[in-house]
Amino acid sequence: MPQTKNRDHLSSSVDVVIDDYEVRPDSRNTFDSLRGHLAELPQVAAGAVSMEEADRWLHAASKVWSTGGVYQLLQQSKGFGALDMRALYADASGEYYPGYSASEVIDQKLLRRVALPATQRYSGEKLLERIAKTVVIEQHGLERSLEAEGFIAKHDTTTGVPWMIGRAPLIGVTGDSKTLFDIQVATEGNRLLHDETTLSYLSLCAANKGVALDGLIMITVEAEPGFSATIQSIAQVSQNAKDMVGELASEFALNMPDGLRVSLAGVTPNPQLMQELADLGMARWEGAVMSGAGLTVEQQKPAPLPVAGYDEVADAQRRYLGAQAVEQAAKSERQKAKIQYENVVRALEETHGDFELPLKYPAIQTRITTDWGAAAEYIEEVANVPKSRLYETEVDARRLSLAYEAGSNEPVSKFEIVGKPDPDKITDIAKQLGISLEPFAAVQKTAISPTTTRGEEFSVLTEHRAAAHEAVSALVTQSANSPTLRDGTLYKSPPGPAKTAGVDLEPAREHGPSKMNMGV
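Under our numbering, the first residue of the sequence shown carries the number 52, and numbering increases by one thereafter.
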């Protein structure tokens, strides 16, 4: 089992936690108060996990989690949650999933791994989820059913299938209607972990406990980088700061701030997917967890390529590499030609003034650009204008939160951070002060590609492109047949004889096993 010391990972092996993590001061009390719950775990009761192994896991978990946090981990160990099932389903489907792996899921249930406390970014995501829930509840007049949410997530050997313990982010009630909501957070660099599969599994957990639902809805939270960064900064300060965000969420329900969007999409129940999840969950719970066997992954070596297909595949690979090289070269040459064209026109206009271009295409677009930074500095210097009226500003969430906790009465402006020049602010101030922005303007020349789609000109350009395409195709063939692409360094197995007539290819250079795998 691979081990990791990466603190941003979702989980780490028990050994790594025991060896490398600082002990929480309350870890002994946590261990003593919760040790009696270990025997309640189904995998421990069945003998799939020994008490010695369970003790080691509890010792490790107590080092990095509070008593309440460890108790939640114990409850989660009794079955599969929505993200657990999403990872298992991705593994069974051969699908890439950016969350965590199926082996991590099973190892956590077998008490071989400890889920780690949330990273700063993940805490920020949870705050965004909290904001979204508040916005949806208040905008749509929902009553949150905490009882139903807790009921379907509870491990219960007397009701339904015990290991189905998915916790829904929100179950909302309006009148006699009950709707289950899942939440996906869409921020820059964020993993989209929740989708139709997680929502279907949560509805399956509800059905397992006999909770009737009238609808399934996915809430999508979209946060721009600036807003997301502010939320993450608040998330790392303290619980009071997080509570402040909760209070702001009620205001967001009335006036959504810039940089945040909350949308809803109804999802039709998928009986086939729900059945697949039920079957897969049963197979993994009984076959991997309750048996103590874990998830075994067989690494199958690829089958040798038949001799008859070797040259065909190798030729296709070389042609792709040839086309890629030609494409990159063409892009580079196009950019050089564009810059040269723009520079020539600009230089001639400086000496001869405006003139008619020899060809109709490509045209030249003239744009006036403004050096907003220089303009802001000038206005600030000559008119003593505050930076906040010339530049973009944002609030330093960390300093504001700390001040809020300390009971500070400082105005919010004291916590503003100056960003880049704001063209709208600068234009408005310049107009009010009667300051001309012309000295900060510059003329920019830009080549414009032909956009005509009909007529004689279009026919000529089409014929030209066809000829160019033919020439490029020949160039790709030449590039694909380059001796460098038959160098043994690029091959997993020795290259076959050249097939292309009329091209004198040098033989592949010989390499020892350290540089090239000579086995087929």
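The beta carbon of each residue, even a glycine, is placed where N, CA and C say it ideally should be.
Cα-Cα separation, residue 224 to residue 193
Translated into positions along the sequence shown, residue 224 becomes position 173. Translated into positions along the sequence shown, residue 193 becomes position 142. Distance between the alpha carbons of residue 224 and residue 193 is about 5 Å.
Cα-Cα separation, residue 69 to residue 114
For this step, residue 69 is matched to residue 18 along the sequence shown. For this step, residue 114 is matched to residue 63 along the sequence shown. Roughly 8 Å separates the two Cα atoms.
Is the segment 75-88 close to the segment 131-149, with three or more CB pairs under 8 Å?
no
Taking only three categories from DSSP, how would you classify residue 269?
As a first step, residue 269 is located in the sequence shown; it is residue number 218 there, counting from the start. Here residue 269 sits in strand by DSSP.
C-beta contact flag for residue 270 and residue 221 at 9 Å:
For the purposes of this step, residue 270 is identified with residue 219 of the sequence shown, where counting begins at 1. For the purposes of this step, residue 221 is identified with residue 170 of the sequence shown, where counting begins at 1. The answer is yes: Cβ separation under 9 Å.
For residue 250 versus residue 233, is the C-beta spacing smaller than 9 Å?
As a first step, residue 250 must be located in the sequence shown, where it is residue number 199. As a first step, residue 233 must be located in the sequence shown, where it is residue number 182. For residue 250 and residue 233, yes; Cβs fall inside 9 Å.
Whole angstroms is fine: what's the gap from residue 279's alpha carbon to residue 311's?
The sequence position of residue 279 within the sequence shown is 228, counting from 1. The sequence position of residue 311 within the sequence shown is 260, counting from 1. Taking the straight line from one Cα to the other gives about 9 Å.
Provide the residue(s) that pair with residue 317 in DSSP beta bridges, ordered along the chain.
Counting from one through the sequence shown, the residue named residue 317 turns up at place 266. Beta-bridge pairing links residue 317 to 268.
Given that a residue counts as buried once 16 or more other Cβ atoms are within 10 Å of its Cβ, and exposed if not, what is residue 139?
Walking along the sequence shown from the start, residue 139 turns up at place 88. Residue 139 comes out buried.
Out of 244, 202, 284 and 304, state which residue places its alpha-carbon closest to the alpha-carbon of residue 259.
Looking up residue 259 in the sequence shown gives position 208. Closest option to residue 259, Cα to Cα, is 202.
Rank 112, 369 and 307 by C-alpha distance to the C-alpha of residue 65 and give the top, closest one.
Numbered from 1 along the sequence shown, position 14 holds the residue referred to as residue 65. Measuring from the Cα of residue 65, the nearest candidate turns out to be 112.
Going by DSSP in three states, residue 295 sits in which element: helix, strand or coil?
One-based indexing of the sequence shown puts residue 295 at position 244. Three-state result, residue 295: helix.
So, with DSSP's three-state summary, where would you put residue 146?
On the sequence shown, position 95 is the one that residue 146 refers to. The answer is coil: DSSP assigns residue 146 none of H, G, I, E or B.
Residue 308 burial status per 10 Å Cβ neighbour count (16 or more: buried)
Within the sequence shown, residue 308 is the residue found at index 257, counting from 1. Label assigned to residue 308: exposed.
Just to confirm the assignment: which complete beta strand (DSSP E) runs, minimum length 3, are found wholly within the segment 155-213?
164-166
So for residue 442, helix, strand or coil by DSSP?
In the sequence shown, residue 442 corresponds to position 391, counting from 1. Reduced to three states, the DSSP call for residue 442 is strand.
Coil, strand or helix - residue 467 by DSSP
Within the sequence shown, the letter at position 416 stands for residue 467. Correct three-state label for residue 467: strand.
Tell me which residues share the same chain as residue 363 and place their Cβ nearer than 7 Å to its Cβ, disregarding the 5 neighbours each side in the sequence.
Locating residue 363 in the sequence shown gives position 312, where the first residue counts as 1. Excluding positions up to five away in sequence, the list is empty.
Cβ separation of residue 345 and residue 182, assumed to be a contact under 8 Å, to the nearest whole Å
For the purposes of this step, residue 345 is identified with residue 294 of the sequence shown, where counting begins at 1. For the purposes of this step, residue 182 is identified with residue 131 of the sequence shown, where counting begins at 1. At roughly 39 Å, the Cβ-Cβ gap does not stay under 8 Å, so residue 345 and residue 182 are not in contact.
Selected residue, minimal CA-CA separation from residue 165, among 415, 62 and 505:
For the purposes of this step, residue 165 is taken as residue 114 along the sequence shown, with counting starting at 1. Looking at the Cα atoms, 62 is the closest of the given residues.
Residue from 187, 318, 319 and 268 whose Cα sits closest to the Cα of residue 305
One-based indexing of the sequence shown puts residue 305 at position 254. Checking every option, the nearest Cα to that of residue 305 belongs to 187.
Please classify residue 383 as buried or exposed, where buried requires at least 16 other C-beta atoms within 10 Å of its C-beta.
As a first step, residue 383 must be located in the sequence shown, where it is residue number 332. Exposed is the call here.
Reference residue 191; option with closest CA among 539, 256, 268 and 404
Counting from 1 along the sequence shown, the entry for residue 191 is found at position 140. Comparing Cα-Cα distances from residue 191 to each of 539, 256, 268 and 404, the minimum goes to 268.
On a CA-only basis, which of 372, 409, 510 and 341 is nearest residue 533? Give me that one, please.
Within the sequence shown, residue 533 is the residue found at index 482, counting from 1. When only C-alpha atoms are compared, the closest one is 372.
Check this for me: beta carbons of residue 498 and residue 393, under 9 Å apart or not?
By 1-based counting over the sequence shown, the position of residue 498 is 447. By 1-based counting over the sequence shown, the position of residue 393 is 342. Yes, they are a contact pair.
Chain-order list of residues whose beta-carbon lies under 6 Å from that of residue 313 (same chain, five-residue window excluded):
Taking the sequence shown and counting its residues from 1, one reaches residue 313 at position 262. Excluding residues within five positions, the ones whose Cβ falls inside 6 Å are 183, 186 and 272.
Would residue 476 be called buried (16 or more neighbouring beta carbons within 10 Å of its own) or exposed?
What you label residue 476 is simply residue 425 of the sequence shown in a count that begins at 1. Looking at its Cβ environment, which holds 16 or more other Cβ atoms inside 10 Å, residue 476 is buried.
Indicate whether the contact test is met: 3 or more Cβ pairs, each with one atom in the segment 481-495 and one in the segment 413-433, closer than 8 Å.
yes
Which residues does DSSP pair with residue 63 in a beta bridge?
For the purposes of this step, residue 63 is taken as residue 12 along the sequence shown, with counting starting at 1. According to DSSP, which records beta bridges pairwise, residue 63 is partnered with 165.
Taking the beta carbon of residue 162 as the centre, do at least 16 other beta carbons fall within 10 Å, making it buried, or is it exposed?
As a working note, residue 162 is residue 111 in the sequence shown. The residue is buried, with at least 16 neighbouring Cβ atoms inside 10 Å.
Taking residue 143 as the reference, give the member of 252, 328 and 117 with the closest Cα.
Position 92 of the sequence shown, counting from 1, holds the residue named residue 143. Closest by alpha carbon: 328.
Alpha carbon to alpha carbon, how far is residue 503 from residue 397? Give it in angstroms, no decimals.
Position 346 of the sequence shown holds residue 397. Position 452 of the sequence shown holds residue 503. Answer to the nearest angstrom: the Cα atoms are 25 Å apart.
Please report the distance separating the alpha-carbon of residue 450 from that of residue 466.
Translated into positions along the sequence shown, residue 450 becomes position 399. Translated into positions along the sequence shown, residue 466 becomes position 415. Whole-angstrom Cα-Cα distance: 7 Å.
Counted within 10 angstroms of its Cβ, other Cβ atoms place residue 408 as buried (16 or more) or exposed
On the sequence shown, position 357 is the one that residue 408 refers to. So residue 408 ends up on the exposed side.
First and last residue of the uninterrupted alpha helix (DSSP H) at residue 399:
The residue given as residue 399 occupies position 348 in the sequence shown. Where residue 399 is concerned, the enclosing alpha helix (DSSP H) stretches over 358-403.
So the alpha helix (DSSP H) residue 531 belongs to, where does it begin and stop?
Locating residue 531 in the sequence shown gives position 480, counting from the first residue. Taken as a continuous stretch (DSSP letters only), the alpha helix (DSSP H) holding residue 531 covers 506-531.
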